[in-house]
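K.L.:
Supplied in structure tokens, the structure appears directly below.
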DNA sequence: CTGAAATTGTTATTGACTACCAACTGGTAT
DNA sequence: ATACCAGTTGGTAGTCAATAACAATTTCAG
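Protein chains in written order, with UniProt numbering: chain A, 1 to 195; chain H, 1 to 195.
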């Protein structure tokens, strides 16, 4: 179902999609986000601007990466039920991030820097954070068979705040520090917010 | 300096600015954000669309409200130094919010609902949250004469997450619950994130 | 091989936003 | 009062993101 028979059609579509995304990233990093027009990206990828918008709903969307969320959700669900929600979330995040980080570090740094330094993309990212918060709260709730409570939503939002702070600090330090460690530090802070 | 001699010119400018903002809000609430063009707002306010952009950098910006931040910063700074940062922030936020809430509740609800239900505005709001986080961290740091640390930044981000969750829940309940109380509940959750 | 469906390109349109220039208005010096 | 100057405004034209309509092309199924 996730792979609906890889006919010639699907292969071409996948190739086109990847081409658009790669050329877009390359041009954004080279010339800047605002200075790169959709028309330019499309022609670099060998398609028309109409086709661009058939593959991505907006210019901003081409930078997004939805791969992480499903992986994280799975990690959250499989955490032992006796763990508290913060610990479960911490384990899942560190687990997932370590994997991405070790294989994709440079690309992740470039992409994150691009997002954080481009106002339009920063807004978009946070807008996604909103749905990520919902996903986190939901995963935490189903893990213990409970409902999504106000408390879980606040926890998910706080964790996202900590994670985005870690990402920001990581980029500010030009990727010199270990990102998963920064995130663990963020979780540590959340665990001692009693003063 | 904040009032550069109220000559006729300044008065006119202030009046024009307010007229644009009020007509914009009215039209947004009546017809929806996307269905309202800048041209329409401008003509309703009796100016050209060029003048609109001379007063506001974008269509989104006309919905913003920068009044709260300086007030909050002041409240944070004047909290007793012996309080922990979370408590200081809590007191300041509840103090400031109570004041706004008791005088502007209906307008606040309408405006917040508009922002939360309009994707473009939601993104914008979070983009501001980024600078608000910096302001919070800075205010907390100067309060005790210290530097802006990673810990303070995480704390500020977590608080903003809790506050936005409270706002969201408040709008979801159509303003039936007491917003400051919801925010206090959010702070309570943050104070017990040890599990 | 032929027809149905999906994919794409061309063209045109809307709307946010900017640049440029000409007209006007409030404040100021004479 | 007059004339001058700076700040404010509007009109026009332009760019760019995003959408719609239609025609041409290509893939797949029978």
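Every residue gets a Cβ at the ideal spot worked out from N, C-alpha and C, and that includes glycine.
Using a Cβ-Cβ cutoff of less than 7 Å, which residues in the same chain neighbour residue 177 of chain H once the five nearest sequence positions on both sides are dropped?
P.N.:
As a working note, residue 177 of chain H is residue 177 in the second chain. Correct list, in chain order: 170.
K.L.:
Of the residues A/12, A/57, A/61, which one's Cα is nearest the Cα of residue 46 of chain A?
P.N.:
Along the first chain, read from residue 1 onward, the residue named residue 46 of chain A stands at position 46. Closest option to residue 46 of chain A, Cα to Cα, is A/12.
K.L.:
What does the alpha-carbon distance come out to for the pair residue 62 of chain A and residue 125 of chain H?
P.N.:
By one-based count along the first chain, residue 62 of chain A stands at place 62. By one-based count along the second chain, residue 125 of chain H stands at place 125. Using only the alpha carbons, I get a separation of about 22 Å.
K.L.:
Is there at least one Cβ from chain H nearer than 7 Å to residue 195 of chain A's Cβ?
P.N.:
Sequence index remark: in the first chain, residue 195 of chain A carries index 195 (1-based). Yes, residue 195 of chain A counts as interfacial toward chain H.
K.L.:
To the nearest whole angstrom, what separates the beta carbons of residue 52 of chain A and residue 38 of chain A, a pair I think is in contact under 8 Å?
P.N.:
The sequence position of residue 52 of chain A within the first chain is 52, counting from 1. The sequence position of residue 38 of chain A within the first chain is 38, counting from 1. Contact holds; Cβ gap of about 6 Å.
K.L.:
Mark residue 145 of chain H as exposed unless 16 or more other C-beta atoms lie within 10 angstroms of its C-beta, in which case mark it buried.
P.N.:
Looking up residue 145 of chain H in the second chain gives position 145. Exposed: under 16 other Cβ atoms inside 10 Å.
K.L.:
For residue 59 of chain A, count the other beta carbons within 10 Å of its own beta carbon; 16 or more makes it buried, fewer makes it exposed. Which is it?
P.N.:
Mapped onto the first chain, residue 59 of chain A falls at position 59. By the 10 Å Cβ count, residue 59 of chain A comes out buried.
K.L.:
Sorted by chain position, which residues of the same chain lie with C-beta nearer than 7 Å to residue 116 of chain A's C-beta, five sequence neighbours on each side aside?
P.N.:
Within the first chain, residue 116 of chain A is the residue found at index 116, counting from 1. Correct list, in chain order: 122, 168, 171.
K.L.:
Can you list, in chain order, the stretches of the alpha helix (DSSP H) that have 4 or more residues and sit fully within the segment 112-181 of chain A?
P.N.:
The qualifying runs are 119-143, 150-172.
K.L.:
Whose C-beta lies closer than 8 Å to the C-beta of residue 194 of chain A among residues of the same chain, with five residues either side of it excluded?
P.N.:
Locating residue 194 of chain A in the first chain gives position 194, counting from the first residue. Here the set comprises nothing.
K.L.:
What are the residues in the segment 78-91 of chain H lying within 9 Å of chain A by C-beta distance?
P.N.:
Here the close residues are 83, 84, 85, 86, 87.
K.L.:
Hey, could you find the ends of the alpha helix (DSSP H) residue 55 of chain H is sitting in?
P.N.:
Residue 55 of chain H sits at position 55 when you count from the first residue of the second chain. 49-55 is the extent of the alpha helix (DSSP H) around residue 55 of chain H.
K.L.:
Given a limit of 7 Å on CB to CB distance, which residues of the segment 154-166 of chain A reach chain H?
P.N.:
Correct list: 154, 155, 157, 158, 160, 161, 162, 164, 165.
K.L.:
Between the segment 180-188 of chain H and the segment 87-95 of chain H, do three or more beta carbon pairs fall short of 8 Å?
P.N.:
Verdict: yes, contact present.
K.L.:
Considering residue 193 of chain A, what are the terminal residues of the alpha helix (DSSP H) in which it resides?
P.N.:
Here residue 193 of chain A corresponds to residue number 193 of the first chain, with the count starting at 1. Note, residue 193 of chain A: premise wrong, no alpha helix (DSSP H); not H, not E.
K.L.:
For residue 189 of chain H, would you say it is in contact with chain A, using Cβ-to-Cβ distances shorter than 7 Å as the test?
P.N.:
Here the question's residue 189 of chain H lines up with position 189 in the second chain. Yes - at least one Cβ of chain A is within 7 Å of the one on residue 189 of chain H.
K.L.:
Counting C-beta neighbours from all protein chains within 10 Å, is the total for residue 36 of chain A 16 or more, i.e. buried, or is it exposed?
P.N.:
Counted from its first residue, the first chain places residue 36 of chain A at position 36. The residue in question, residue 36 of chain A, is buried, as its Cβ has 16 or more Cβ neighbours within 10 Å.
K.L.:
Does DSSP classify residue 58 of chain H as helix, strand or coil?
P.N.:
Within the second chain, the letter at position 58 stands for residue 58 of chain H. In this structure, residue 58 of chain H counts as coil in the three-state DSSP scheme.
K.L.:
Can you tell which of H/16, H/131, H/161, H/148 has the C-alpha that lies nearest to the C-alpha of residue 70 of chain H?
P.N.:
Reading the second chain from its first residue, position 70 is the one you call residue 70 of chain H. Of H/16, H/131, H/161, H/148, the residue nearest in Cα terms is H/131.
K.L.:
Which residues in the same chain have their Cβ closer than 7 Å to the Cβ of residue 44 of chain A, if we skip the five residues on either side of it in sequence?
P.N.:
For the purposes of this step, residue 44 of chain A is taken as residue 44 along the first chain, with counting starting at 1. Excluding positions up to five away in sequence, the list reads 23, 27.
K.L.:
Three or more C-beta pairs closer than 8 Å, one from the segment 80-89 of chain H and one from the segment 154-161 of chain H: is that the case here?
P.N.:
Verdict: yes, contact present.
K.L.:
Quick one: give me the first and last residue of the alpha helix (DSSP H) that residue 44 of chain A is part of.
P.N.:
Working through the first chain from its first residue, we reach residue 44 of chain A at position 44. Element bounds for residue 44 of chain A: 38-44.
K.L.:
Within 7 Å (strictly less), CB to CB, does residue 136 of chain H reach chain A?
P.N.:
Numbered from 1 along the second chain, position 136 holds the residue referred to as residue 136 of chain H. It does not: the Cβ of residue 136 of chain H has no partner Cβ on chain A nearer than 7 Å.
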